[in-house]
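Asker: The following block contains the structure, expressed as structure tokens.
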Amino acid sequence: MVLILLSRDLCFIRQYFKNVIFAGGKTEILMESVIKNCIKEAVKTLYNNDAEDELIQIQETRKDFRGDFTLVVFPILRFSKNTPEQTGKDIGAYLSEKLPAVTGFNVVKGFLNLEISDRWWMEYFRATAGEEDLFSVCRVDNPETILVEYSSPNTNKPLHLGHIRNNLLGYSLFRILSSCGHNVYKTNIVNDRGIHICKSMLAWQKYGNGETPESTGMKGDHFVGKYYVTFEREYKAQIEELVLQGTGEAEARNSAPLMQEAREMLVRWEAGEKEVVDLWRTMNSWVYEGFEETYRMLGVDFDKIYYESETYKTGKEIVLSALRDKILYSHNDNSIWADLTAEGLDHKVLQRSDGTAVYITQDLGTAVARHNDYRFEKTIYVVGNEQNYHFQVLRVLMKKLGYKWADGLIHFSYGMVELPDGKMKSREGTTVDADDLIREMKETARDVSMELGKLSGFSEEEKADIFRKIGLGALKYYILKVDPHKNMTFNPGESIDFNGNTGPFIQYTYARIGSVYRKAGEMGIEPDISQLMSARPGQKEIDLIKLLRRFPVTVREAAAAYSPAMIANYCYELSKEYNQFYHDFSILGEENKALRNFRLILSGLTSRVLSAGMWLLGIEMPERM
RNA sequence: GGUUCCGUAGCUCAGUUGGAUAGAGCAACAGCCUUCUAAGCUGUGGGUCGGGCGUUCGAGUCGCCCCGGAAUCACCA
């Protein structure tokens with residue numbers, strides 16, 4: 013072990029990467045393991061005792077103290093039967109003697125801070141810088157087949173900010189899990205049937221005068237959404253009139269002619285009546301065209317899209333079959349129910365008395381269809397926390413129906429996006445439209461860039477591409493940096509920032525490094541990894557190496573926690589650290605060639621890690637900005 | 001009322017399995033471009049981590065009880 017640490021054999025360093033150990037959710041990289049083992053040895057030698065792994069807590073030393081790794085001494089006191097200070101000193105002395113990489117130590121209160129040699133950090137850095145695949149360390153031993161369901165739009169209105177959060181989370185999750193070696197498939201369930209769809213169909217029939225997205229120049233989903241709004245407006249007017257005539261509010265809602273017609277239309281649709289089905293197909297196709305465009309702008313896509321209009325039938329079969337098997341029961345009115353009281357839940361209706369399916373019916377069918385298609389270990393449903401109960405029921409229900417794999421159905425529950433004055437409501441028109449927001453972000457990116465006087469000498473096409481990357485980078489980062497399961501507030505009045513903890517800040521750091529490399533090329537300077545070890549790093553550079561070392565660990569933790577936010581915050585931290593370095597030190601102007609080479613490679617790895625991290629978030633990096 | 005989630009600086013948010021003096025950004029103020037991109041860097045001010053009790057050598061983090069907010073408890077989706 014001691015010898016291994018001194019070894020400069022590249023094979024060892026390769027081995028280092030294979031030695032990222034994840035035990036019980038904990039992450040350890042070899043250096044920590046080496047120290048840990050040596051401390052066990054110390055406890056055995058000094059105190060004649062065996063220390064359990066959990067008692068030996070190694071962490072990175074906080075910046076305000078001298079050292080690289082820190083042992084929390086308190087848990088060891090039970091063996092040493094001595095003061096924290098003395099115990100720390102004893103173990104520190106033992107480690108310094110046994111581990112050449114440990115060049116010194118200090119004890120502050122109950123913390124033993126170990127100093128690691130620069131040489132060791134450089135060895136580590138050389139190996140990482142030479143590694144082509146930054147995710148190789150992240151790969152799990154047992155890859156799973158995982159489906160990520162996200163987006164799940166209704167086909168009666170365009171996407172809004174809430175959907176954006178959903179899409180970004182789902183897509184990022186896909187990339188994070190894939191990077192860890194899982195076989196991940198992106199799926200979508202489209203809510204393309206039901207009374208809400210009939211509403212916009214009916215309104216178009218009555219008030220549309222045959223206009224189309226083409227004839228009006230509108231995006232398809234907005235076009236259809238317009239008729240959904242029309243329906244709600246006219247319906248409301250009818251209700252008001254009925255109430256004026258003395259009808260009760262509830263009765264008015266129920267008996268308004270428009271609502272009755274919508275219901276009739278649903279029945280005709282379910283009966284497969286050609287005229288209705290054709291209209292449904294046409295209007296849905298308009299919506300899909302619109303969605304396609306929004307998805308394309310957001311940079312998300314799907315491996316397989318499921319449609320509720322198909323899976324609800326499978327769901328109904330499952331329900332009927334379970335009824336025959338007496339797993340379910342029916343009421344006198346022919347509605348079908350599940351009794352989940354034994355599981356701590358309630359009774360749940362699975363089919364209406366008129367024989368039509370409810371929301372959860374299609375989820376049963378969709379899950380089974382997906383399992384037939386993919387034999388997945390897990391399906392991760394990216395769905396808002398307002399549906400927590402629904403997914404609790406879904407899993408319990410599927411277990412009850414005998415699907416053992418239902419344990420793999422995971423609700424990735426994320427928080428709502430709220431406006432300063434509360435929740436977004438489609439019907440009240442208080443949503444932030446996805447297309448509008450994306451367009452505004454690109455415009456803001458243009459304004460900011462122009463004001464800063466950047467990008468002169470670029471073609472309009474190149475500029476548009478850069479503004480797109482920056483605008484979307486700002487938007488995506490703004491949303492993904494927040495812990496997914498928390499609600500977040502979006503203030504439309506204050507535009508999304510481009511300074512500080514933002515996407516553009518990280519993109520800017522990347523672009524700066526790109527600029528350094530271009531300059532290096534002009535100067536004829538080539539980075540040379542084989543010359544790395546002749547450089548003597550400073551403290552800031554070691555700090556950067558330490559931060560870079562945390563990247564694969566962060567990815568693994570983000571995968572385990574389903575949290576793109578952890579990646580986002582890591583990228584920010586790295587950018588901030590790098591910008592300090594960039595400000596304080598000259599790279600190409602450094603006269604010591606070994607140091608110049610080292611700084612260039614350090615910058616190169618930083619840009620690669622930033623780029624990889626942002627890629628996990630679905631954020632593109634501009635080469636210049 | 002039951003269940004679940006949230007509460008950290010004026011605002012928006014970080015804070016790894018409990019560890020040292022709770023951190024960023026925005027906003028405010030004061031500095032730094034003849035040198036690799038100033039979308040940057042440095043500094044100042046700003047906190048009863050909603051409140052209390054408990055567990056522990058140690059609690060923003062774990063447990064219990066309150067307070068405040070959100071969601072949900074439909075033959076809606």
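Under my numbering, think of the first position of the first sequence as 13, with each following residue one higher. No residue lacks a Cβ here, since even glycine has one placed at the ideal position from N, Cα and C.
1) Note down, in chain order, each residue of its chain lying with its Cβ closer than 7 Å to the Cβ of P165, except the 5 sequence neighbours on either side.
2) Would a C-beta distance cut-off of 9 Å place F424 and Y393 closer than the cut-off?
3) Could you tell me the boundaries of the alpha helix (DSSP H) in which T57 lies?
4) Report buried or exposed for Q543, applying the criterion of at least 16 other Cβ atoms within 10 angstroms of its Cβ.
5) Can you round the beta-carbon distance between L291 and M230 to whole angstroms, since I take them to be within the 8 Å contact cut?
6) At 3 residues or longer, and completely inside the segment 192-239: list those beta strand (DSSP E) runs for me, N to C.
7) If you drop the 5 nearest sequence neighbours on each side, which residues of the same chain put their C-beta closer than 8 Å to that of L107?
8) With a threshold of 8 Å on Cβ separation, who are the neighbours of L607 within its own chain once the five nearest residues in sequence on each side are excluded?
9) Quick check: the Cα distance between K640 and Y183, rounded to an integer number of angstroms?
10) Starting from K390, trace the beta strand (DSSP E) in both directions and tell me its first and last residue.
11) Within 10 angstroms of its Cβ, does N609 collect 16 or more other Cβ (buried), or is it exposed?
12) Considering only the beta carbon of each residue, do V380 and Y426 sit closer than 9 Å?
13) What do you get for I317, buried or exposed, if any count of 16 or more other CB atoms within 10 angstroms of its CB means buried?
14) With respect to the alpha helix (DSSP H) encompassing L270, which residues constitute its N-terminal and C-terminal limits?
15) Would you check if the distance between the CB atom of W298 and the CB atom of V361 is smaller than 9 Å?
16) If you check the beta carbons only, do L124 and V85 fall under 9 Å apart?
17) S615 and Y522 look like a contact to me (Cβ under 8 Å); what is the Cβ gap, rounded to whole Å?
18) Taking the DSSP output, what are the residues bridged to S461?
19) Please classify A446: is it buried, with 16 or more other beta-carbons within 10 angstroms of its beta-carbon, or exposed?
20) Buried or exposed, going by whether 16 or more other CB atoms sit within 10 Å of the CB of G469?
21) On the DSSP bridge list, what partners appear for H497?
22) Which same chain residues, not among the five before or five after Y590, have their C-beta less than 7 Å away from its C-beta?
23) On the three-state DSSP scale, how would you describe F137?
24) At the level of alpha carbons, what is the spacing between A35 and L89?
25) With DSSP as the reference, label Q71 as helix, strand or coil.
26) Can you look up Q592 in the DSSP assignment and give me helix, strand or coil?
27) Could you tell me which residues DSSP pairs with F314 in its beta bridges?
28) I'd like the list of long-range same chain contacts for A418, defined as Cβ closer than 7 Å, with 5 residues on each side in sequence excluded.
29) Measure the alpha-carbon distance for M500 versus L181 and round it to whole angstroms.
30) Taking only the alpha-carbon atoms, compute the straight-line gap between K101 and V152 and give it to the nearest angstrom.
31) In angstroms with no decimal places, state the Cα-to-Cα distance between R205 and G526.
32) Cβ atoms of I158 and K390: under 9 Å apart, would you say?
Answerer: In terms of the structure at hand:
1) Closer than 7 Å at the Cβ level, and outside the excluded window around P165, lie L171, H175, V202, N203, F303.
2) In contact: F424 and Y393 (Cβ atoms closer than 9 Å).
3) 42-59 is the span of the alpha helix (DSSP H), which, as asked, contains T57.
4) It is exposed - the Cβ of Q543 has fewer than 16 other Cβ atoms within 10 Å.
5) Rounded to whole angstroms, the Cβ separation of L291 and M230 is 18 Å, and the two are not in contact under 8 Å.
6) Correct list: 195-202.
7) Cβ within range, chain order: I47, C50, I51, A54, V114, F117, L126.
8) The beta carbon of L607 sits closer than 8 Å to the beta carbons of A547, R548 from its chain, once the five residues preceding and following it are set aside; these are given in chain order.
9) Within the shown structure, residues of the chain are numbered from 13 to 637, placing residue 640 beyond reach of any answer.
10) 390-396 is the extent of the beta strand (DSSP E) around K390.
11) N609 is buried by the Cβ-count criterion.
12) For V380 and Y426, no; Cβs fall outside 9 Å.
13) It is exposed - the Cβ of I317 has fewer than 16 other Cβ atoms within 10 Å.
14) Unbroken alpha helix (DSSP H) run through L270: 269-282.
15) Not in contact: W298 and V361 (Cβ atoms no closer than 9 Å).
16) V85 sits close to L124, with the two beta carbons spaced by under 9 Å.
17) Cβ-Cβ separation between S615 and Y522: approximately 10 Å, too far for a contact (criterion under 8 Å).
18) The partner list for S461 (beta bridge, DSSP) is empty, contrary to what the question assumes.
19) With 16 or more Cβ atoms within 10 Å of its Cβ, A446 is classed as buried.
20) With fewer than 16 Cβ atoms within 10 Å of its Cβ, G469 is classed as exposed.
21) H497 is not bridged to any residue.
22) Once the five neighbours on either side are set aside, the close Cβ partners of Y590 are T521, L556, T618.
23) In the three-state reduction of the DSSP assignment, F137 falls in the helix class, which pools H, G and I.
24) Caution applies to A35, whose pLDDT of 33 falls short of 50 and renders its modelled position unreliable; the value that the coordinates give is listed next. Using only the alpha carbons, I get a separation of about 25 Å.
25) Q71 sits in a strand when the DSSP states are folded into three classes.
26) Q592 sits in a helix when the DSSP states are folded into three classes.
27) DSSP lists no partner for F314.
28) Contacts found: R407, M410, K411.
29) Those two C-alpha atoms are separated by around 14 Å.
30) Approximately 38 Å, taken between the alpha carbons.
31) Using only the alpha carbons, I get a separation of about 50 Å.
32) Contact: yes.
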